[in-house]
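Peer 1: To convert, note that position 56 of the sequence shown is 80 in the working numbering; the numbers rise steadily by one, no gaps.
All residues carry an ideal CB built from backbone N, CA and C; glycine is no exception.
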Amino acid sequence: MKIVPGPASKQLGEKVAELSGVEAVPLVFKNHPDGESYVRIEGTVKNEEVAIVQSTSPPQDTRLMQLALIVDAAKRHGAKKITAVVPYLTYARQDRVFLHGEAVSIEVVARILKAAGVDNLITVNVHQQKVLTKFPFPAKTISAIPSLAEYFKQKGFRKAFALAPDKGALWLVEEAKKVLGGECGYIEKHRDRYTGQITMEKRPFDVKDKTVIIFDDVVSTGGTVALAAKNMKEAGAGTVYAACVHPLLIGDAEKRILKAGVEEIVGTDSVQSHVSKVSLAPLISKELMR
Ligand code: R5P
Numbered sequence: 025m026k027i028v029p030g031p032a033s034k035q036l037g038e039k040v041a042e043l044s045g046v047e048a049v050p051l052v053f054k055n056h057p058d059g060e061s062y063v064r065i066e067g068t069v070k071n072e073e074v075a076i077v078q079s080t081s082p083p084q085d086t087r088l089m090q091l092a093l094i095v096d097a098a099k100r101h102g103a104k105k106i107t108a109v110v111p112y113l114t115y116a117r118q119d120r121v122f123l124h125g126e127a128v129s130i131e132v133v134a135r136i137l138k139a140a141g142v143d144n145l146i147t148v149n150v151h152q153q154k155v156l157t158k159f160p161f162p163a164k165t166i167s168a169i170p171s172l173a174e175y176f177k178q179k180g181f182r183k184a185f186a187l188a189p190d191k192g193a194l195w196l197v198e199e200a201k202k203v204l205g206g207e208c209g210y211i212e213k214h215r216d217r218y219t220g221q222i223t224m225e226k227r228p229f230d231v232k233d234k235t236v237i238i239f240d241d242v243v244s245t246g247g248t249v250a251l252a253a254k255n256m257k258e259a260g261a262g263t264v265y266a267a268c269v270h271p272l273l274i275g276d277a278e279k280r281i282l283k284a285g286v287e288e289i290v291g292t293d294s295v296q297s298h299v300s301k302v303s304l305a306p307l308i309s310k311e312l313m314r
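1) For residue 212 and residue 275, what's the separation of their Cα atoms in angstroms?
2) Could you give the DSSP three-state label for residue 129: helix, strand or coil?
3) Is it true that the CB of residue 69 sits closer than 8 Å to the CB of residue 34?
4) Can you tell me whether residue 242 sits near ligand 1, meaning its C-beta is under 7 Å from at least one heavy atom of the ligand?
5) Give me whichever residues DSSP pairs with residue 240 in a beta bridge.
6) Can you tell me whether residue 256 is buried or exposed, with buried defined as 16 or more other CB within 10 angstroms of its CB?
7) Name, in chain order, the residues that DSSP records as bridge partners for residue 187.
8) Which class does residue 201 belong to by DSSP, given the choice of helix, strand or coil?
9) What are the boundary residues of the beta strand (DSSP E) that residue 163 is part of?
10) Taking the Cβ atom as the reference point for each residue, do residue 243 and residue 187 lie within a distance shorter than 8 Å?
11) Would you call the stretch 62 to 77 and the stretch 263 to 274 in contact, with 3 or more CB pairs under 8 Å?
12) Kindly confirm or deny that the stretch 133 to 149 and the stretch 107 to 117 touch, where touching means at least three C-beta pairs closer than 8 Å.
13) For residue 124, count the other beta carbons within 10 Å of its own beta carbon; 16 or more makes it buried, fewer makes it exposed. Which is it?
14) Could you say which of 221, 228, 193 lies nearest to residue 245 if we only look at CA atoms?
15) Roughly how many angstroms separate the alpha carbons of residue 293 and residue 229, rounded to a whole number?
16) For residue 282 and residue 250, what's the separation of their Cα atoms in angstroms?
17) Can you say whether residue 90 is buried or exposed, counting buried as having 16 or more other CB atoms within 10 angstroms of its CB?
18) Kindly examine ligand 1 and report whether one of its heavy atoms sits closer than 7 Å to the Cβ of residue 190.
19) From what residue to what residue does the beta strand (DSSP E) around residue 273 run?
20) Whole angstroms are fine: how far does the CA of residue 133 sit from the CA of residue 120?
21) Is the stretch 291 to 306 close to the stretch 162 to 178, with three or more CB pairs under 8 Å?
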């Protein structure tokens, strides 16, 4: 197998190659003066199984196009099987029609990748696992929650309360609980489909003076984690932390979360950021070598 680290995940891809003991094939990428993406694989991929590591975090459309171009380039130059390793899979939250007239974005992404030549896909904590069953090739999601929980365990937060900021994230905190050994629970979140405004129902948790870690798959505007943190502070929590797999941190998200009383935000290198304190490389390497 050879690994091609895409421009969005250069460091992560190189780390995966190193851990897996395989060659990282260099890639030339640039933008044409009009903004179009250009890629060229330097080195040979002929008759090789190739894993392309490329997150599709912002700018999503560009990252997605780069991925499709790399896949095409690898296929065109003789790769015999292509695995797209897409730690953050964009458009996954629009996984059904919520309001009349909408597209199902994730299904469009799947069709684009199929058309480019992807044979199978590995992603990390996709928003809803069941969307992958609709992909026109085998697609699998792996979870980084145990690794994030391990980070906190190493910091000495054994038995911390793991909070999911909505019911859909309950399984995430159940995974975290197995590592941390404390309690877990969720707050019910509602999002207005037209305004995007979120509200949360208060639940009677006993978190007085306890350390609370909020786990979510994605932090985008920070609204969800900030509101959950405020709730926990009002319930008397001691220290509140935030852990997420995909730290998109759009605009002033980080400031907003810290202002709500969160002590530290911890993310993975699915999206390269200064909060990416947990690397996905060991998980991805293990999955590829399986
Ligand atoms: C939604 O259900 C996701 O799990 C996240 O909670 C959400 O995408 C976070 O978005 P934001 O940071 O903008 O509140």
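Peer 2: In brief:
1) In the sequence shown, residue 212 corresponds to position 188, counting from 1. In the sequence shown, residue 275 corresponds to position 251, counting from 1. Taking the straight line joining both Cα atoms gives about 25 Å.
2) By 1-based counting over the sequence shown, the position of residue 129 is 105. Residue state, collapsed to three classes: helix.
3) Counting from one through the sequence shown, the residue named residue 34 turns up at place 10. Counting from one through the sequence shown, the residue named residue 69 turns up at place 45. With contacts defined as CB atoms closer than 8 Å, residue 34 and residue 69 fail to qualify as a contacting pair.
4) Walking along the sequence shown from the start, residue 242 turns up at place 218. Remark: the shortest separation between the CB of residue 242 and any heavy atom of ligand 1 falls under 7 Å.
5) Locating residue 240 in the sequence shown gives position 216, counting from the first residue. Beta-bridge pairing links residue 240 to 268.
6) For the purposes of this step, residue 256 is taken as the residue at position 232 of the sequence shown. The C-beta of residue 256 has 16 or more other C-beta atoms within 10 Å across all chains shown, which makes the residue buried.
7) Locating residue 187 in the sequence shown gives position 163, where the first residue counts as 1. Answer is 209, 238, bridged to residue 187.
8) Taking the sequence shown and counting its residues from 1, one reaches residue 201 at position 177. DSSP places residue 201 in helix when its eight states are reduced to three.
9) Counting from one through the sequence shown, the residue named residue 163 turns up at place 139. Where residue 163 is concerned, the enclosing beta strand (DSSP E) starts and stops at 163 to 166.
10) The count along the sequence shown starts at 1 and reaches residue 243 at position 219. The count along the sequence shown starts at 1 and reaches residue 187 at position 163. Their beta carbons are not under 8 Å apart, which means residue 243 does not touch residue 187 by this criterion.
11) They do not touch, by the three-pair rule.
12) Judged by Cβ distances under 8 Å, the stretch 133 to 149 makes contact with the stretch 107 to 117, as three or more pairs qualify.
13) Mapped onto the sequence shown, residue 124 falls at position 100. Residue 124 is exposed by the Cβ-count criterion.
14) Locating residue 245 in the sequence shown gives position 221, where the first residue counts as 1. It is 221.
15) The residue given as residue 293 occupies position 269 in the sequence shown. The residue given as residue 229 occupies position 205 in the sequence shown. Take the alpha-carbon of residue 293 and the one of residue 229: they are about 32 Å apart.
16) Numbered from 1 along the sequence shown, position 258 holds the residue referred to as residue 282. Numbered from 1 along the sequence shown, position 226 holds the residue referred to as residue 250. Cα to Cα, residue 282 sits roughly 8 Å from residue 250.
17) As a first step, residue 90 is located in the sequence shown; it is residue number 66 there, counting from the start. With 16 or more other Cβ atoms within 10 Å, it is buried.
18) Translated into positions along the sequence shown, residue 190 becomes position 166. Checking the Cβ of residue 190 against ligand 1 gives yes.
19) Here residue 273 corresponds to residue number 249 of the sequence shown, with the count starting at 1. No beta strand (DSSP E) holds residue 273; DSSP gives it neither H nor E.
20) Stepping through the sequence shown from its first residue, residue 120 is reached at position 96. Stepping through the sequence shown from its first residue, residue 133 is reached at position 109. So the alpha carbons of these two residues sit roughly 13 Å apart.
21) Judged by Cβ distances under 8 Å, the stretch 291 to 306 makes contact with the stretch 162 to 178, as three or more pairs qualify.
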